[in-house]
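These notes concern the structure reproduced below.
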Amino acid sequence: MVINIVGLISTFLYINTIFAQKLNPFIYNNQDNSLKLYGLEYLGLGYNIKESSPFGNDEDDPIDLAYKEPVISFENATSLVGKGAEINLPLGVWIRNESLCYRTSSVIKSEGEKVDSRIFTEDIKINMVNYEHKLENKSLNKLLTKNNLSIKKINCSIHTSGMIISYQWKLKKSISILLNDIQNKLVKDSGHTSNSNPQKNQKNIEKDWYNIFNTYGTHVLTKITLGGKIIEINAVEGGQNITENTSIFGSKLDINFFKMSLNSNSKDKLHDLDKNKSEKIIILGGNAMTTDRKTTNNNGEINYDKKLDKQKWVETIKYNPVPIKFELTPLSYFIYQNFSDENLVNSFHYFLKQYLN
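Below, the structure is given as structure tokens:
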């Protein structure tokens, strides 16, 4: 089964831009439009790991709905000299230009749902806490759980931006108001006055935390790498004996050298990605470019199929980069920075555990 990817990616890029513009007006109200190229519109956004689906939850819905409202309030910008111009950055934020591509090829022995996590969470790093989420993608579940999988990836990065975690960050006023309300309820709950109802108060606190998780997420995006990614997933034929996981990692190359290498006739195990042969192919970033390929069937009939042009795709990444790798920091870290209240943080962890189960 093959995704009709061209229209899908165009829709993804349009919706992603509108979504980011709504959530981070700091970037879009700033006259320096170059900021948008560095992924700064994603920094400081909330992210709900319970809803995480990096490639969407179905073929027709490519948007990761785990992105939530802004959590961090960025301070006045500082100037950083870039190539030919000054770039204004919020305090405590850094950027790094990158121009690297690499390829990987691996075979994974199917172990049901565990396969999901290894494929789709390797580019999501959660700081300070270990959590392995389950990917919910209806269009991939059957393929993932019934077969040994051959997975080939191309990753190309353009920019990386991040927040200095040790910086004293301020929460948005909107979430601070909600947290202050929870803090007051915790104080009231600990008092156990004769007129209070501890059980009812706990239920209200749970409701308030769940509202925060659903609106602002469970974590904060603190590091983003923009670029493009292609993932080809094929079921390994049943006759092949797969005894253990295997992996081949290609060297990291400058994006221009990598583009030229795509034309070489390499006979290693990193075969060309072919849209017509793959059972599932996912493309993030850039524009999916295809070329016509002439084929002849057993009856001598000539057909023209579409083949993914990887070289042209690489050339378009810089115009439409999307998040291909990111790091998350627990919301509780920033709550403690702003409130210095261990009871509030402990309450966060208690209800987060219930929320994730």
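Take the sequence shown: its letter number 104 is residue 104 in the UniProt record's numbering, and every next letter is one higher.
Note that the Cβ used here is the ideal one computed from N, Cα and C, for glycine as well.
All figures in this text were calculated on a predicted structure; none of them were measured in a lab.
- Task: With DSSP as the reference, label Lys310 as helix, strand or coil.
- Result: Residue state, collapsed to three classes: helix.
- Name, in chain order, the residues that DSSP records as bridge partners for Glu327. Glu327 is bridged to Lys125, Lys223.
- Query: Buried or exposed: Lys207, going by 16 or more other Cβ atoms within 10 Å of its Cβ?
  - Reply: By the neighbour-count rule (16 or more Cβ atoms within 10 Å), Lys207 is not buried but exposed.
- Query: Are the stretch 209-217 and the stretch 93-109 touching by the rule of at least three beta carbon pairs closer than 8 Å?
  - Reply: Output reads no: the stretch 93-109 does not touch the stretch 209-217.
- If we call anything under 9 Å between Cβ atoms a contact, is Pro90 one with Asn76? A contact, by the Cβ cut-off of 9 Å.
- Message: With H, G and I counted as helix, E and B as strand and the rest as coil, what does DSSP make of Asn234?
- Response: In this structure, Asn234 counts as strand in the three-state DSSP scheme.
- Can you list, in chain order, the residues of its chain whose CB lies under 7 Å from that of Thr296, leaving out five sequence neighbours each side? Excluding its 5 nearest sequence neighbours in each direction, Thr296 has C-beta neighbours in its own chain below 7 Å: Ile302, listed in chain order.
- Could you give the DSSP three-state label for Leu43: helix, strand or coil? Note: Leu43 maps to coil in three-state DSSP.
- Task: Compute the beta-carbon to beta-carbon distance between Ile158 and Gly227, rounded to the nearest angstrom, for a pair I have assumed lies under 8 Å.
- Result: In this structure, Ile158 and Gly227 form a Cβ contact; the two beta carbons are roughly 5 Å apart against a cut-off of 8 Å.
- Taking C-beta to C-beta, are Cys156 and Ile49 nearer than 9 Å? No; because the gap between Cβ atoms is not below 9 Å, this pair is not in contact.
- Item | Range of the contiguous alpha helix (DSSP H) that encloses Val345 | That run of the alpha helix (DSSP H) goes 342-356.
- Query: Buried or exposed: residue 365, going by 16 or more other Cβ atoms within 10 Å of its Cβ?
  - Reply: Any property of residue 365 remains undetermined from this structure, which presents the chain solely from 1 to 357.
- Query: Are Ile175 and Glu69 closer than 9 Å when you measure CB to CB?
  - Reply: Between Ile175 and Glu69, the gap from beta carbon to beta carbon is short of 9 Å.
- Message: Helix, strand or coil, according to DSSP, for Ser176 in the structure here?
- Response: Helix, per DSSP.
- Query: Less than 9 Å separating the beta-carbons of Leu352 and Ser332?
  - Reply: Contact: yes.
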